Structures are given as structure tokens and as C-alpha cells.
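Counting in the UniProt record's numbering, the sequence shown runs from 1 upward without gaps. Don't be surprised by glycine CBs; every beta carbon is placed ideally from N, CA and C. Quick caveat, the model's predicted, so the values are computed rather than measured. Notes to accompany the following structure.
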Amino acid sequence: MMPLHVAAEEGTVKIIRFFLNCLKGHETILKSLVEATTTYYYKNLTTALHLAAEGGHLDVVQCLVEHGADVNVKSDDGKTVLHWAAQENKWDIVQWLIENRKANVDSIDNYGKTVLHRAAQGNLDVVQWLVEHEKANVDAIDNYGSSVLHYAAQVNKWDVVQWLVEHGNANVEATDKYGWTVLHWAARGDLDVVQWLVEHGKANVEATDMYGRTVLHLTAQENKWDVVQWLVEHGKANVEATGNDGQTVMHWAAKVNKWDVVQWLVKHGKANVEAIDKYGRTVLHYAAQVNKWDVVQWLVEHRNANVEATDKDGRTVLHWAARGNIDVVQWLVEIGKANVEATDMYGRTVLHLTAQENKWDVVQWLVEHGNANDEATDKSGSSVLHYAAQRNKWDVVQWLVKHGKANVEAIDKYGRTVLHWAAWGNLNVVQWLVEHGKANVKATDKYGRTVLHWAARGYLDVVQWLVEHGADVNAIDNDGKTPLNLAEERKLKKTIEYLLKKIVESVGQVSNESAAMADVIIVNRPEDFADLLCETWED
């Protein structure tokens, strides 16, 4: 950081003048030093002049400019000195830069924001002066389609909002690129701006964004209980309005755990607890999904929400809850009497989804206290253990085998064992199933494919471990393919090299399969065979 930057940031004009006066008579050096203030960047990639303006040091700004600093120089994010001064409500600097140095009022930064955009998030005085004296464009939009009024409403600058509408004729119904009106932005904050926009600005309470969400949707999401209440009681906002996804205001409030809003919407807004979205999910589904135990409890106990309601995939509230926290699961089963064995459209029980998500404590509780069937299979014949092994949920696999007594050799409708599914890259599960679960390494599915066939499709570490623990490199499936063939189909060089070497090593063993494989290699890859054979003999 240059000394001049330090002095500018601290507002020590005497030091700056000292630096500059020392160079009188050395105009070339002086010019270079001042130019450095506009070419040397510091902190947020700003110059000394930016730092002085941000800090409100008018005398420093004047000194630097009088010695040649460029008032229209931009920081790395495209902001001019005027942007910084307006953003920080440095009205005297804004005025001086424009009146005395003709700073560009219409300059935009990298985000398309004008000086007025920046000012609107701060003090009214700067906004008024820019509009009245410099004719700054009130309806200018940035790269996101946001107007000056959007920004004022976004940070709850009530006086700025009021003045822009009444004196600047700003468009209350202007929408940004996401379809948000000024009221959408305001509704996430304080009630004052919302009230004024509706009562005096005649803002449309039912305006929807690109996702079909009304102002009430966003207000409920942000837990602005007072704004929700006012919009419904005084703004006549529609409690049952739905977005493009069919979700009501209640859906939004429940899935972000806005308990106060949920209660008020039901008690006073008469919101429908059983409303479903386009996925068939109720408010209770979402409350359970995000583990909002208090919301779940209140909806069931005080509004008789249906615990067994199913969405379009056939999932109950318990299916969704079981993927998260155990508290909601326990309450739904013990108090809500939720059905532990309910299945979705794919035949999956609650335990299937819990194992898949590695919720070990929930798995344990469902089996030991909920009497969940750990041998339950889905429509493809996959057991809970299949799911856990496939998703590499090692803790769940261990517990199901040790304590749940799950069958390691259970097969799905394709004849695949748990080990087949684990072979898809889950080495730690493979190791444990073989070493502790006594899983059969040579088991074949209905297509004649061994566990090694499956691993050879892209999991070299699993391939190596299986071969070292008895897997047959020469095994042939119903299509006459070996693990090597499957590796070749996917051009897996390292796997191919490893399997080739193991096949050559097996030639000396009495095996028709080994001999047959050797013949194939000799015909198709004589050089590889010769090299590997030499390596084997040397070993």
C-alpha cells in the first residue's frame, strides 16, 4: 500500500500536501505520483481517491483532484469516485465533484448500477440533489433489471421510496429480471414501506414473480409476521395463492420453519392445511422434510393434518421425515401413529430411504422401536441392505448385518447380491461384507455376471481387492464376456493392464478358462501377451 493511500484513507490532508509540496519543481515526479493514486489499487481494488471519497474526506479529495487525480477513474468493480461518495452518503463530496469537476452522473459500474442506484440505498438528500439538479434517471435499471426504487425498497428507505414515487414519478410496478416488483422487495423488510406502497403507491398486492410467487409468499418465507398480518387483513392478500409449483403461502412458511406465520395463517387467515402442490405434497410433508418438529406437532395436534397423506411418488410424511432428524420420526411414529411399513410408488419403505441417506440413528430406532422390517424389498427386489451398500453407507451396512440380522446374500430381481451393488466403487463396504459378512465373492447375477464383472466397469481398487481375495479373472457371463471385456468396452487402461497380468499369471494353473483366455490374448494382442509372460517368468 502506498503512503498516499494511507493518508487518503485516514483523511490526513496535511500529510498529503507535505508529500506533494516536497515535489514542487519536480513536475515529472509529481505527475507520476498523482497518477499512481489512480492506477495503483488497494483493498477492494480502489484508488487513493476512492478511499478519500468513501471516508468523507472532502479536503483530501480536493487536494488529490487539484493535483491531477482523475475524478472518473473506476475501481475494479467499475465504480467511480462519485459512486462511492453517493453510496456512503457523502453529499458534500458528491456536490463538489459534479459542480466543480463535472464528474459523470450517468456512469455505470460493472453491475449496471448508476450513481443514483447507489445513492438510493442511503440518504435522501443525495437522491434529491441528483434528481433535481442533475436530472439523474429515476427509472434507470441495472444488469438485473432493478430500478432505483427497487434498491430503496430493498433496504427499507421509506423516505427515499416516498420521494421517488411522489416527486420522481418512479414506477411502483416496475419488475426486475426475476419478475419482482418493488413491493416484493419491500415485503421482505419493514412494514412501513409496505403500507405506504399499498396505500399511497397503489402497489399490486397480488403481483407475481417469474415463479408465480406473490408478495405474501416471500413475506411468509422471511417470517415477517407483522407484514403477513397486515397484507392479509388490510391489503386483502390471497392466503391461498399458489406459485407455478402449486405451493401456497403455507407451504413456504412451513418449509422454512416460520412457526408464528404458520399458526397465524391457519387461525386467522383460514389457510388450508391439506393444500397440495404440483408434487402432491402437503404442508405437513414440507415441515417433516426440513425437520420442523414444532410445526409438525402443531399441525397434527391442533389442525388434524393427515399423517398418512402421500405425494405423487407415494411418499408419506414419515418417508420425508426419515431422511432427516430422529425427533420428528419418533414423534410421528409414537404420537402420530405413522405407518412404518408404508411404501412409495417404487415399493420403498421408510427404512429404505433412511438407509440410503445414512441416517444410522434413525435406522436403529426404526428397527428396534418401530419394528421396521429390515428385510423389506422394493419393487426391484432390493432390500434395505442393498440400498445402504449401493450408496456406500458403511455404518448402516454394519449395523444392519450385526444387529438387524440383514441377509448379506439377499438378491434382487436381477439376481444381484448386496456385494454386487457395493462393487460399484464402494471398497470399504466390499471389504467389510467379505471379511465380516462372509459375502460370496463369486456370486453371479441372472446374467451370469460376477461381482468382479461389476467392479471392472470402472473401479480398479475394488477389482484389485476382489482378485486378491479369490475373485475369478476368467469368469464368463451369459454373453461370453469376462471382466476384461467389460473393462475394454470402457477403455479403462489401468484395469485392462491389471486384469491382463492376472490372466497371464493364471495360465500355469490347470484351468480350461485360463487356457481359453490365453488363446484369445495370443491371437489379439501377441505383443502384450509376450511382455506380460516375460514379466511373469521374471517374477
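Counting along the chain, Met250 sits inside the alpha helix (DSSP H) bounded by residues 249-255. With a beta-carbon spacing of about 6 Å, Arg457 and Leu486 fall inside the 8 Å limit used to define contacts. Taking each of His67, Val350, Val397 in turn and checking the Cα distance to Asn407, the smallest one comes out for Val397. Rounded to whole angstroms, Asp412 and Trp399 show a C-alpha spacing of 20 Å. Between Trp196 and Ala220, the beta carbon gap of about 21 Å keeps them out of contact (Cβ cut-off 8 Å).
Buried is the label assigned to Ile503, since at least 16 other Cβ atoms lie within 10 Å of its Cβ. Using a Cβ distance threshold of 8 Å, Asp139 and Ala170 count as a contacting pair. Taking 8 Å as the cut-off, the Cβ atoms of Asp327 and Trp293 count as close.
Annotation: Glu505 to Tyr387 spans about 36 Å, alpha carbon to alpha carbon. Counted as a single uninterrupted DSSP element, the alpha helix (DSSP H) harbouring Arg118 occupies residues 115-120.
Counting C-beta atoms within 10 angstroms of its own C-beta, Tyr151 has 16 or more neighbours from the protein chains shown and is therefore classed as buried. Between Val172 and Val182 a beta carbon distance of about 6 Å is seen, short of the 8 Å cut, so the two are scored as contacting. In the three-state scheme derived from DSSP, where H, G and I count as helix and E and B as strand, Lys74 is classed as strand.
Apart from the 5 residues on each side of it in sequence, Ala53 sits with its Cβ closer than 6 Å to the Cβ of Val61, Val81, Trp84, Ala85, Ile93 in its chain, given in chain order. Here Ala136 has Val105, Leu116, Leu130 as same chain residues with Cβ atoms under 6 Å from its own Cβ, once five neighbours each way along the sequence are excluded.
Residue environment: Tyr111 is assigned as exposed (fewer than 16 neighbouring CB atoms within 10 Å of its CB, all protein chains considered). Assigned with DSSP and collapsed to three states, Thr80 falls in strand. Within the model, the alpha-carbon separation for Lys405 versus Ala322 is close to 21 Å. Taking a contact as a CB-CB distance under 8 Å, the pair Val462 and Gly425 counts as one, their CB atoms being some 7 Å apart. Note on Arg315: 16 or more other CB atoms within 10 angstroms of its CB, so buried under the neighbour-count rule. Going by DSSP, Lys405 is part of no alpha helix (DSSP H) at all; its letter is neither H nor E. The Cβ atoms of Trp185 and Val228 lie no closer than 8 Å to each other. Annotation: Val126 to Asp159 spans about 12 Å, alpha carbon to alpha carbon.
In its chain, beyond the 5 residues on either side, Thr114 have a beta carbon closer than 6 Å to the beta carbon of Ile108. The three-state secondary structure of Thr444, taken from DSSP, is strand.
In the DSSP assignment, Glu489 falls within the alpha helix (DSSP H) that extends over 483-489.
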